[in-house]
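Numbering (the working numbering), first residue to last: 12 to 402.
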């Protein structure tokens with residue numbers, strides 16, 4: 012039997028040992044396994060090294076609070092001002108026209124003349140109608156004389172009652188004929204339907220006009236009317252009889268009274284028509300002039316603030332930012348009461364609100380801030396008692 016060499020035998024032993032080690036499943040190194048067991052024992056005994064302990068979270072440095080200037084403005088009672096654009100117009104306007112065709116025989120008025128109700132404005136030539144009226148008047152006089160004679164005869168018993176009735180019928184017929192001819196003559200005249208001023212006369216004496224042709228325009232300018240459209244939001248603040256100031260484009264300011272408020276909104280603009288009657292005895296206010304109507308509604312509690320204080324909220328609505336008792340920023344929507352040369356009159360702001368007047372654009376709702384009272388110059392500007400820099 013041949014002998015097995017030593018190196019072959021050694022290789023077989025190593026192979027068998029490696030196979031046995033693989034079968035145990037222990038793949039970690041000898042040193043690491045021992046170290047793991049030692050560390051586990053130390054943890055159990057509370058002797059873990061500092062490197063194994065979790066590090067405490069380091070506190071991040073807190074950013075300094077933003078400083079804002081605040082004021083608590085004085086509150087006053089303001090009358091809500093409603094301003095709308097409009098124009099003036101005549102209280103009454105009429106375009107006079109002829110009722111028959113003819114040639115203008117009389118034209119006693121001209122543009123700019125003041126007329127009274129019933130004054131003659133124009134008359135067409137009507138010689139034959141005048142003659143017919145004269146004949147009808149004579150016939151009436153004749154029939155009246157015949158009736159008087161019949162009455163005398165009737166009282167003396169010399170006239171039958173039937174003839175007296177005939178005389179009365181003849182007089183009635185003559186009177187009816189006179190009324191008819193007079194009406195025909197009146198159709199040749201154009202008279203003023205109301206007191207006013209003649210604004211336009213597009214015809215001349217001697218010219219021919221057709222039936223229905225325009226011959227004059229008459230305006231009633233006392234009172235003159237300022238007309239405008241008010242929004243549905245402001246409608247509830249007005250009532251008939253309220254006073255209103257009307258500023259004309261010429262710079263003239265006049266006072267009037269609200270005489271009409273429409274109860275039917277325009278379908279296109281959802282606004283309501285209003286009319287302000289302005290006394291205009293001297294005719295100084297013409298019709299058709301651009302005007303601004305300022306109405307004063309019921310007084311309300313409000314504050315006066317500069318326009319720079321107003322800002323936009325998160326939802327895009329106008330308002331102001333204020334600081335609460337916890338020094339956190341809050342947003343309050345505003346109610347615009349009036350817009351004056353010195354600032355905005357705003358309602359809807361709480362009584363104790365500390366309003367941010369500097370830095371409001373750099374903060375947002377919920378931010379904690381460092382509020383500092385504004386200087387006296389800023390306060391003076393807010394209340395309108397002095398200019399910046401006083402004191």
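Backbone N, C-alpha and C define an ideal beta-carbon position, used for all residues, glycine too.
In this structure, does DSSP put residue 166 in helix, strand or coil? Translated into the one-based positions of the chain shown, residue 166 becomes position 155. DSSP places residue 166 in helix when its eight states are reduced to three.
Under a Cβ-count criterion, where at least 16 other Cβ atoms within 10 Å of its own Cβ denotes burial, should residue 283 be classed as buried or exposed? Numbered from 1 along the chain shown, position 272 holds the residue referred to as residue 283. Label assigned to residue 283: buried.
According to the Cβ coordinates, are residue 115 and residue 304 closer than 8 Å? Counted from its first residue, the chain shown places residue 115 at position 104. Counted from its first residue, the chain shown places residue 304 at position 293. Taking 8 Å as the Cβ cut-off, residue 115 and residue 304 do not qualify as a contacting pair.
Could you spell out the range, first to last residue, of the beta strand (DSSP E) harbouring residue 381? Along the chain shown, one-based indexing puts residue 381 at 370. Residues 380 to 384.
Start and end of the beta strand (DSSP E) containing residue 269? Locating residue 269 in the chain shown gives position 258, where the first residue counts as 1. Per DSSP, residue 269 belongs to the beta strand (DSSP E) from 264 to 272.
Locate the beta strand (DSSP E) running through residue 83, then write down its first and last residues. Residue numbering aside, residue 83 sits at position 72 when the chain shown is read from its first letter. Residue 83 -> no beta strand (DSSP E), and no H or E assigned at all.
Burial state of residue 89, where buried means 16 or more other Cβ atoms lie within 10 Å: Position 78 of the chain shown holds residue 89. So residue 89 ends up on the buried side.
Residue from 318, 99, 344 and 25 whose Cα sits closest to the Cα of residue 291: Start at 1 with the first residue of the chain shown, and residue 291 comes out as number 280. It is 99 whose Cα lies nearest to the Cα of residue 291.
How would you write the range of the beta strand (DSSP E) that residue 226 sits in, first residue to last? Counted from its first residue, the chain shown places residue 226 at position 215. Run containing residue 226: 225 to 242, per the beta strand (DSSP E) assignment.
Below 8 Å on the Cβ atoms is my guess for residue 338 versus residue 376; work out the distance and round it to an integer in Å. By one-based count along the chain shown, residue 338 stands at place 327. By one-based count along the chain shown, residue 376 stands at place 365. In fact, because the Cβ distance is near 13 Å, the residues do not count as touching under 8 Å.
Which residue comes first and which comes last in the beta strand (DSSP E) that contains residue 375? Translated into positions along the chain shown, residue 375 becomes position 364. No beta strand (DSSP E) holds residue 375; DSSP gives it neither H nor E.
Based on Cα-Cα distance, which residue from 150, 252, 359 and 386 lies nearest to residue 285? Here residue 285 is taken as the residue at index 274 of the chain shown, counted from 1. Comparing Cα positions, the closest option is 252.
Ordered along the chain, which non-local residues of its own chain (more than five positions away) have a Cβ less than 6 Å from that of residue 358? Taking the chain shown and counting its residues from 1, one reaches residue 358 at position 347. Closer than 6 Å at the Cβ level, and outside the excluded window around residue 358, lie 311, 313, 346 and 348.
Cβ-Cβ separation, residue 265 to residue 257 (assumed contact under 8 Å), whole Å: Looking up residue 257 in the chain shown gives position 246. Looking up residue 265 in the chain shown gives position 254. Contact flag correct, Cβ pair sits at about 5 Å.
Identify, in the order they occur along the chain, each residue of the same chain with its Cβ nearer than 8 Å to the Cβ of residue 113, setting aside the five sequence neighbours on each side. Locating residue 113 in the chain shown gives position 102, counting from the first residue. Counting only Cβ-Cβ distances below 8 Å, and skipping sequence neighbours, we find 135, 136, 137, 199, 219 and 220.
Please state whether DSSP places residue 31 in a helix, a strand or coil. Here the question's residue 31 lines up with position 20 in the chain shown. Helix at residue 31.
Let me confirm a value: residue 254 is counted as buried when at least 16 other C-beta atoms fall within 10 Å, else exposed. Which label applies? Sequence index remark: in the chain shown, residue 254 carries index 243 (1-based). Exposed is the call here.
Is residue 128 buried or exposed, if buried means 16 or more other CB atoms sit within 10 Å of its CB? As a first step, residue 128 must be located in the chain shown, where it is residue number 117. That one is exposed.
Chain-order list of residues whose beta-carbon lies under 8 Å from that of residue 243 (same chain, five-residue window excluded): Looking up residue 243 in the chain shown gives position 232. For residue 243, where only same-chain residues beyond five positions count, the Cβ hits under 8 Å are 276, 281, 282 and 283.
Bounding residues of the beta strand (DSSP E) (the contiguous stretch that carries residue 132): Residue 132 sits at position 121 when you count from the first residue of the chain shown. Element bounds for residue 132: 131 to 135.
Pick out whichever of 330, 308 and 133 has its Cα sitting closest to the Cα of residue 217. Reading the chain shown from its first residue, position 206 is the one you call residue 217. Among 330, 308 and 133, the Cα nearest to that of residue 217 belongs to 133.
Have a look at the DSSP bridge pairing and note the partners of residue 176. Within the chain shown, residue 176 is the residue found at index 165, counting from 1. Answer is none; residue 176 lacks a bridge partner.
Span of the beta strand (DSSP E) holding residue 312? In the chain shown, the residue the question calls residue 312 occupies position 301. Per DSSP, residue 312 belongs to the beta strand (DSSP E) from 301 to 316.
Please name the residue, chosen from 299, 245 and 201, that lies closest to residue 214 on a Cα-to-Cα basis. Residue numbering aside, residue 214 sits at position 203 when the chain shown is read from its first letter. Looking at the Cα atoms, 201 is the closest of the given residues.
Whose C-beta lies closer than 6 Å to the C-beta of residue 195 among residues of the same chain, with five residues either side of it excluded? In the chain shown, residue 195 corresponds to position 184, counting from 1. Contacts found: 140.
Taking a contact to mean a Cβ-Cβ separation below 8 Å, would you say residue 383 touches residue 78 in this structure? Counting from one through the chain shown, the residue named residue 383 turns up at place 372. Counting from one through the chain shown, the residue named residue 78 turns up at place 67. Yes, these two residues count as a Cβ contact at 8 Å.
Thinking C-beta only, is residue 323 closer than 8 Å to residue 366? Against the chain shown, residue 366 aligns to sequence position 355. Against the chain shown, residue 323 aligns to sequence position 312. In this structure, residue 323 does not lie closer than 8 Å to residue 366 by Cβ.
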